[in-house]
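Enquirer: Following the working numbering, the numbering of the sequence shown begins with 67 at its first residue and continues without gaps.
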Amino acid sequence: MARTYIKDLKVGEKVTVKGWLHEIRGLAKVKFLILRDYTGIIQCVATSDNEELFKKVKTLNPETVVEITGSVVANKIAKQGYEVAVEDLNILGEVSQVLPIQVVEKGDINTDLSTRMDNRFLDLRKPEINKIFQFRNTIYKTTVDFFMKNDFMNIATPKMTSAGVESGAEMFSIKYFNTKAYLSQSPQIYKQMMVCSGFEKVFEIGSIFRAENSNTTRHVTEFIGIDFEMAFVTDENELMDFTEEYIKELVKATKAEVKVPSKIPRVPFEEVRDMLNKKGKKITDDIDPESEKLLGELVLKKYKSDLIFVTNYPWSKRPFYHVKNGDGTKGFDLLLRGVEIATGSLREHNYDILKKQAEEKDVKLDDMKDYAVMFKCGAPPHGGCGLGMERITQNLLGLDNIREACFVPRDPDRLTP
Ligand code: AMO
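1) Give me, in chain order, the residues of the same chain whose beta-carbon lies closer than 7 Å to that of M259; leave out the 5 immediate sequence neighbours on both sides.
2) How would you write the range of the beta strand (DSSP E) that A112 sits in, first residue to last?
3) Contact between the region 258–276 and the region 303–313 is defined here as three or more beta-carbon pairs at a separation below 8 Å; is this criterion met?
4) Going by beta carbon distance, what residues of the same chain come within less than 7 Å of A151, once the five residues before and after it are set aside?
5) Is D293 near the ligand AMO, going by C-beta to nearest heavy atom under 8 Å?
6) Along the alpha helix (DSSP H) that carries V139, what are the first and last residues, could you check?
7) At what residues does the beta strand (DSSP E) containing M296 begin and finish?
8) With V333 and V376 assumed to form a contact (beta carbons below 8 Å), what rounded beta-carbon distance in angstroms separates them?
9) Hey, quick one: how far does the alpha helix (DSSP H) through Y256 stretch, first residue to last?
10) Going by the beta-carbon positions, is the gap between G394 and Y379 smaller than 9 Å?
11) Quick test of your reading: R284 and V365, contact by CB under 8 Å. State the CB separation rounded to the nearest angstrom.
12) Here's the rule I'm using: 16 or more other beta-carbon atoms within 10 Å means buried, otherwise exposed. How should P496 be labelled?
13) Please go through the same chain and pick out, in chain order, the residues whose beta-carbon is closer than 7 Å to the beta-carbon of G92, but skip the five residues on each side of it.
14) Within the present structure, is the beta-carbon of F473 separated from the nearest heavy atom of the ligand AMO by less than 8 Å?
15) So, at 8 Å on beta carbons, what are the nonlocal neighbours of I205 in its own chain, with the 5 sequence-adjacent residues on each side left out?
16) Can you grab the Cα-Cα spacing for the pair D217 / D307, in whole Å?
17) Identify the continuous beta strand (DSSP E) that holds V96 and give its terminal residues.
18) Does the distance from the C-beta atom of N127 to that of L158 stay below 9 Å?
19) One question on the structure: do E295 and G450 come within less than 9 Å of each other, judged by their Cβ atoms?
20) Please state whether DSSP places K419 in a helix, a strand or coil.
21) Report the partner residues of S357 according to the DSSP bridge assignment.
22) Taking T282 as the reference, which of R476, M219, D211, Y248 has the closest Cα?
23) Following the continuous beta strand (DSSP E) through Y437, name the residue where it begins and the one where it ends.
24) Can we count D307 as close to the ligand AMO, meaning its CB is less than 8 Å from some heavy atom?
25) If you reduce the DSSP assignment to three classes, tell me which class L465 lands in.
26) In this structure, what does DSSP give as the bridge partners for L401?
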């Protein structure tokens, strides 16, 4: 018999449902098998009237994978108002050892994060954890739809590279035949290359690797970057307008509880520094995580917004490829409740200026031949932005730790499972 998904059950039908035994409850003569598939949860009832079946049911353990055939019958007491009266049951996947963690915990999840991540495939079976990834899936779909509808070309850039351009973001080295390569710390070079290749508007959703030995609630060593780059942009406000439109679509599609004003405030770094200094947080040329948190609170109070663009960061803290703007750059960070979720800028496309800026940062542009040549063969003015999928998921949902938003996280202490 063809399988019916739990979400499609209708009273009066004879069905075969398949899934995991979420819970087994029962009395001497009746057993309630709570079955879970990826569309929902349903109560299935087996009674001792069918002796052979009941004998089998009594041996079952939670998380066994089964196939149940029966009739969907109305029952006011059941959660959905109906249940499946079990007529036949087959075991498709046995549970033959003690589960390392429970899928159903009494009350809130109280298994510690590290044990949960050690047993992530079981942890992900928890309906409340599964929901995080349904949410993330909505972000993914909205992102693809948004860029496609705006005529962006989806690009795929190499993740094994010979060099990077993100100063401060350390790289993992790998053996590449007889030479050394690095895992990509950003598609920066290649998204600029694709713009210079004439695609004009490009985006990528791809893996990014950062060898940052920092154990925080917002850093992982591998994450999914949402990167875009656009040609013929001459003003960083255009980039912020576009980023803002994208974020608004995400908030709308996910129904995230985030305060977004009609226009997200754009506040120069200097003003932000003053706001924080007034509150006793002495910052000079960068905002530390503690100050970012306070900033989130100040912004909410002052602008009634959970989001803020901080513009014109000091040049000393920005990469060489940003367009300079006095002592700062024509770039921005987007902060959500104080946590950075995006960085973007206009890119310097004049070769001579770019070379000089690179020198200021001790970067030898001409050693990066494949990058440098693009600015001598007709590079359009351009700019772009990079966002972190897990940071967005974490902070739109208000999750304590970024690892909760990774299917299988990687951090300095975790290379398994
Ligand atoms: P940046 O280095 O700021 O900019 O990275 C862009 C965004 O990626 C996310 N992110 C991270 N997420 C999880 N763990 C990490 N260790 C981590 N590091 C960064 C953040 C961040 O805002 N090339 C530029 C982007 C550009 O200018 O287009 C870049 O890589 O959400």
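For glycine and all other residues, C-beta sits at the position ideal for the given N, C-alpha and C.
Expert: With the structure as the only source:
1) Residue mapping note: residue 259 aligns to position 193 of the sequence shown, counting from 1. The residues are M440.
2) On the sequence shown, residue 112 is found 46 positions in, with the first residue counted as 1. First-last of the beta strand (DSSP E) with A112: 106–113.
3) no
4) In the sequence shown, the residue the question calls residue 151 occupies position 85. So the qualifying residues of the chain are V111, G136, S137, V139.
5) In the sequence shown, counting from the first residue as 1, residue 293 sits at position 227. Checking the Cβ of D293 against the ligand AMO gives yes.
6) As a position in the sequence shown, residue 139 is number 73, starting the count at 1. No alpha helix (DSSP H) holds V139; the beta strand (DSSP E) holding it covers 131–140.
7) For the purposes of this step, residue 296 is identified with residue 230 of the sequence shown, where counting begins at 1. First-last of the beta strand (DSSP E) with M296: 288–297.
8) Residue mapping note: residue 333 aligns to position 267 of the sequence shown, counting from 1. Residue mapping note: residue 376 aligns to position 310 of the sequence shown, counting from 1. The Cβ separation is near 6 Å, so the contact holds.
9) Start at 1 with the first residue of the sequence shown, and residue 256 comes out as number 190. Per DSSP, Y256 belongs to the alpha helix (DSSP H) from 254–260.
10) Reading the sequence shown from its first residue, position 328 is the one you call residue 394. Reading the sequence shown from its first residue, position 313 is the one you call residue 379. Cβ distance < 9 Å, so G394 and Y379 count as in contact.
11) As a working mapping, residue 284 is identified with position 218 in the sequence shown. As a working mapping, residue 365 is identified with position 299 in the sequence shown. The pair is not a contact, with the Cβ atoms about 18 Å apart (cut-off 8 Å).
12) Residue 496 lies beyond the stretch modelled for the chain, which goes from 67 to 483, so this question has no answer here.
13) Here residue 92 refers to the residue found at position 26 when the sequence shown is read from its first residue. Excluding sequence neighbours, G92 sits near F98.
14) For the purposes of this step, residue 473 is identified with residue 407 of the sequence shown, where counting begins at 1. No, since every heavy atom of the ligand AMO falls outside the 8 Å radius drawn around the Cβ of F473.
15) By one-based count along the sequence shown, residue 205 stands at place 139. Counting only Cβ-Cβ distances below 8 Å, and skipping sequence neighbours, we find L316, A319, T320, M455, I458, T459, L462.
16) For the purposes of this step, residue 217 is taken as the residue at position 151 of the sequence shown. For the purposes of this step, residue 307 is taken as the residue at position 241 of the sequence shown. Between D217 and D307, the C-alpha separation is close to 16 Å.
17) Locating residue 96 in the sequence shown gives position 30, where the first residue counts as 1. 96–103 is the extent of the beta strand (DSSP E) around V96.
18) Along the sequence shown, one-based indexing puts residue 127 at 61. Along the sequence shown, one-based indexing puts residue 158 at 92. No, the Cβ-Cβ distance between N127 and L158 is not below 9 Å.
19) Reading the sequence shown from its first residue, position 229 is the one you call residue 295. Reading the sequence shown from its first residue, position 384 is the one you call residue 450. It is a contact, given that the beta carbons lie within the stated cut-off.
20) Taking the first residue of the sequence shown as 1, we reach residue 419 at position 353. For clarity, residue 419 is Ile in the given sequence; the question names Lys instead. If DSSP states are grouped into helix, strand and coil, I419 belongs with the helices.
21) As a working mapping, residue 357 is identified with position 291 in the sequence shown. For S357, which the question treats as bridged, DSSP gives no partner whatsoever.
22) Taking the first residue of the sequence shown as 1, we reach residue 282 at position 216. That would be R476, whose Cα lies nearest to the Cα of T282.
23) On the sequence shown, residue 437 is found 371 positions in, with the first residue counted as 1. No beta strand (DSSP E) contains Y437, which is instead part of the alpha helix (DSSP H) from 435–438.
24) To locate residue 307, count along the sequence shown from 1; it is residue 241. Incorrect: D307 has no Cβ contact closer than 8 Å to the ligand AMO.
25) Working through the sequence shown from its first residue, we reach residue 465 at position 399. DSSP places L465 in coil when its eight states are reduced to three.
26) For the purposes of this step, residue 401 is taken as the residue at position 335 of the sequence shown. The partner list for L401 (beta bridge, DSSP) reads I374, E406.
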